[in-house]
Amino acid sequence: MADIIGIPDPVVPENIPPGIDKVGTGCRISDTVTVYTDLSHKERGRIVLGDDVILLDHVRLVTGDMRTNKGAFIHMGSRIIVNVGCYLSGEGGLQIEDEVLIGPGAKLLSAGHEYDHEPVSIYQHGLTYGTVTVEKGAWIGAGATILEGVTVGKGAVVGAASVVTKDVPAFSVVAGNPARVIKWREGFRPKPSVFLRLLKRIKGAIRGLGS
Ligand SMILES: CC(C)(COP(=O)(O)OP(=O)(O)OC[C@H]1O[C@@H](n2cnc3c(N)ncnc32)[C@H](O)[C@@H]1OP(=O)(O)O)[C@@H](O)C(=O)NCCC(=O)NCCS
4 MADIIGIPDP VVPENIPPGI DKVGTGCRIS DTVTVYTDLS HKERGRIVLG
54 DDVILLDHVR LVTGDMRTNK GAFIHMGSRI IVNVGCYLSG EGGLQIEDEV
104 LIGPGAKLLS AGHEYDHEPV SIYQHGLTYG TVTVEKGAWI GAGATILEGV
154 TVGKGAVVGA ASVVTKDVPA FSVVAGNPAR VIKWREGFRP KPSVFLRLLK
204 RIKGAIRGLG S
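Letter 100 of the sequence shown, counting from 1, is numbered 103 in my numbering, and no numbers are missing.
Okay, here's the thing in structure tokens:
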């Protein structure tokens with residue numbers, strides 16, 4: 004018996020949940036992972052995992068009704084860990100690049116509901132869509148929510164329980180609701196642009212003239 008428990012065994016074809024269209028080598032997918040998709044849709048290949056992707060218990064993958072959600076897809080690169088209880092909506096498109104870590108209970112939401120004007124009941128409105136992209140090497144903390152249309156930049160960190168409403172700059176650390184940049188990863192702070200450096204120098208020169 005293996006010493007480490009709680010990580011699913013490498014996937015065999017019988018273990019791949021129906022609806023996941025393509026799986027690379029070395030993937031581990033819990034048998035509690037579920038998929039909400041339309042198996043009768045003629046165009047498959049919308050939910051695709053690269054190599055060494057780990058989907059832990061009770062992860063939910065959603066493309067929904069693909070006659071309505073025409074641009075739906077979930078594309079994951081390689082060496083990705085999606086921790087327990089995550090909700091990944093690809094209704095408006097979801098791209099997760101290589102080496103991304105997603106903490107327990109995170110929600111990546113690429114769709115919402117229209118709510119302006121009539122009818123009163125939002126139930127009767129259509130969906131809104133916006134592709135969510137998580138770039139290479141980013142880490143999304145436990146319980147974070149990423150809203151539609153957001154890109155989490157390369158190597159960025161999203162703090163636990165953050166609500167991310169806007170794009171996250173590469174290598175930044177964001178936190179809170181709404182999420183704001185709280186710091187930069189050490190060694191990755193972007194250098195100010197030539198324009199800003201020039202502006203700083205001009206301001207310094209003006210201050211010098213006044214003294
Ligand atoms: C974002 C995070 C990585 C930052 O950690 P850190 O570099 O040690 O940062 P600090 O603890 O010094 O926090 C800096 C400031 O941001 C605030 N902050 C940190 N994380 C926050 C969060 N998730 N939400 C709101 N504010 C947060 C801190 O309170 C602190 O504020 P202050 O300067 O006013 O005191 C960490 O707080 C976090 O959320 N980790 C996620 C853990 C997780 O999800 N684990 C699951 C593993 S998959």
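Positions of the beta carbon are idealized from the N, C-alpha and C atoms, including for glycine.
Since we're looking at a predicted model, the values are computed, not measured.
- Message: Measuring straight from C-alpha to C-alpha, what distance separates PHE174 and VAL85?
- Response: Cα to Cα, the separation comes out at about 20 angstroms.
- Message: Would you call the segment 95-112 in contact with the segment 126-139, where contact means no fewer than 3 C-beta pairs closer than 8 angstroms?
- Response: The segment 95-112, when compared against the segment 126-139, does touch it at the 8 angstroms Cβ threshold.
- Query: Assuming ALA1 and ALA141 make a contact with CB atoms under 8 angstroms, what is their CB distance in whole Å?
  - Reply: Beyond the ends of the chain as shown, which are 4 and 214, falls residue 1; an answer cannot be given.
- Using 7 angstroms as the cut-off, classify the Cβ of SER124 as near or not near the heavy atoms of ligand 1, replying yes or no. Checking the Cβ of SER124 against ligand 1 gives no.
- Message: When you measure from the CB of LEU104 to every non-hydrogen atom of ligand 1, does any distance come out below 7 angstroms?
- Response: Answer for LEU104: yes, Cβ within range of ligand 1.
- Would you check if the distance between the CB atom of LEU64 and the CB atom of LEU42 is smaller than 8 angstroms? No, they are not a contact pair.
- Query: Which residue's Cα is closest to the Cα of HIS29: ASP12, GLU151 and ILE209?
  - Reply: In the sequence under discussion, the amino acid at residue 29 is Gly, which differs from the His named in the question. Of ASP12, GLU151 and ILE209, the residue nearest in Cα terms is ASP12.
- Query: According to DSSP, is LYS45 helix, strand or coil?
  - Reply: If DSSP states are grouped into helix, strand and coil, LYS45 belongs with coil.
- What three-state label does DSSP hand VAL197 in the structure shown? In the structure shown, VAL197 falls within a helical segment according to DSSP collapsed to helix, strand and coil.
- heavy atom of ligand 1 below 7 angstroms from ALA145 C-beta: Yes, the beta carbon of ALA145 sits closer than 7 angstroms to at least one heavy atom of ligand 1.
- Query: Under the rule that 16 or more other beta-carbon atoms within 10 Å means buried, what is THR148, buried or exposed?
  - Reply: Classification for THR148: buried.
- Query: In chain order, what residues of the same chain lie with their CB nearer than 6 angstroms to the CB of VAL62, ignoring the 5 residues before and after it?
  - Reply: Excluding sequence neighbours, VAL62 sits near VAL36, VAL85 and CYS89.
- What span of residues does the beta strand (DSSP E) with THR134 cover, start to end? Per DSSP, THR134 lies in no beta strand (DSSP E) segment and is marked neither H nor E.
- Item | First and last residue of the uninterrupted beta strand (DSSP E) at MET69 | Where MET69 is concerned, there is no enclosing beta strand (DSSP E), given that its DSSP letter is neither H nor E.
- Message: Can you tell me whether GLY211 is helix, strand or coil according to DSSP?
- Response: GLY211: helix per DSSP, three-state reduction.
- Query: Are there three or more Cβ pairs, one per stretch, closer than 8 angstroms when the segment 166-186 is compared with the segment 196-213?
  - Reply: Below 8 angstroms, too few C-beta pairs join the segment 166-186 and the segment 196-213 to call them touching: fewer than three.
- Is TYR39 near GLY74, with beta carbons less than 8 angstroms apart? In terms of Cβ geometry, TYR39 and GLY74 do not form a close pair [threshold 8 angstroms].
- Query: Where do the ends of the beta strand (DSSP E) carrying LEU97 lie?
  - Reply: Counting along the chain, the beta strand (DSSP E) containing LEU97 begins and ends at 97-99.
- Could you tell me which uninterrupted beta strand (DSSP E) segments, each at least 3 residues in length, are contained entirely in the segment 129-194, listed from first to last along the chain? Correct list: 130-132, 135-137, 175-178 and 183-187.
- Message: Under DSSP, the beta strand (DSSP E) around VAL56 begins and ends at which residues?
- Response: VAL56 -> beta strand (DSSP E) spans 56-58.
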